[in-house]
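Residue 132 in the working numbering sits at position 36 of the sequence shown; the count goes up by one each step and never skips. C-beta: ideal position from N, C-alpha, C; glycine also. Written out below as structure tokens is the structure these notes cover.
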Amino acid sequence: MSHLTILPTVLRDAEGLASSLEALKLSPQWGGAVPGFAGEAQQVLLQVCLVGGEKLGWMRQGDGSLALVADLQRLSRAQELQQLLGRITRRYAAEMALRQASTLCAGTQVSVST
Numbered sequence: 097m098s099h100l101t102i103l104p105t106v107l108r109d110a111e112g113l114a115s116s117l118e119a120l121k122l123s124p125q126w127g128g129a130v131p132g133f134a135g136e137a138q139q140v141l142l143q144v145c146l147v148g149g150e151k152l153g154w155m156r157q158g159d160g161s162l163a164l165v166a167d168l169q170r171l172s173r174a175q176e177l178q179q180l181l182g183r184i185t186r187r188y189a190a191e192m193a194l195r196q197a198s199t200l201c202a203g204t205q206v207s208v209s210t
């Protein structure tokens, strides 16, 4: 039996995460709920629907970080989950570095290609 898992992350910037997901062609949606087993659902700030119809979501934690919300048991059978999460994390880190560089170097255009 699968269920929703909530995993803490180091991600903090929801806009940066959304930009990262868009760059990875994952079509983020704001709000909604990630469904689990037997009607279980968790409200999220941001979510993506994967190819098989499974969802990954992120909810704001009390410390300001974004926690990953997903049915990891089901996803681990259907997706290359570790690779996907690694791609999201790397793209997010690049996005945050670019935003910081743009702030520090006002008037300079900074970008990254995927």
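Flag this pair as touching only if the stretch 187-195 and the stretch 121-134 have three or more C-beta atom pairs under 8 Å; answer yes or no.
No, the stretch 187-195 does not touch the stretch 121-134.
When the distance is taken between beta carbons, is V144 closer than 7 Å to L122?
Their beta carbons are under 7 Å apart, which means L122 touches V144 by this criterion.
What is the residue span of the beta strand (DSSP E) that T101 lies within?
Per DSSP, the continuous beta strand (DSSP E) segment holding T101 begins and ends at 101-103.
Nearest to T185 by CA position, among I102, H99, L117, is which residue?
The option with the nearest alpha carbon to T185 is L117.
For G43, which option in S115, R108, I102, L103 has the closest C-alpha, if you only look at C-alpha atoms?
Residue 43 falls outside the range modelled here, since the chain spans only 97 to 210, and no answer is possible.
Which residue comes first and which comes last in the alpha helix (DSSP H) that contains L113?
L113: member of the alpha helix (DSSP H) spanning 110-119, first to last residue.
How long is the line joining the alpha carbons of S172 and Q178, rounded to whole angstroms?
Taking the straight line from one Cα to the other gives about 8 Å.
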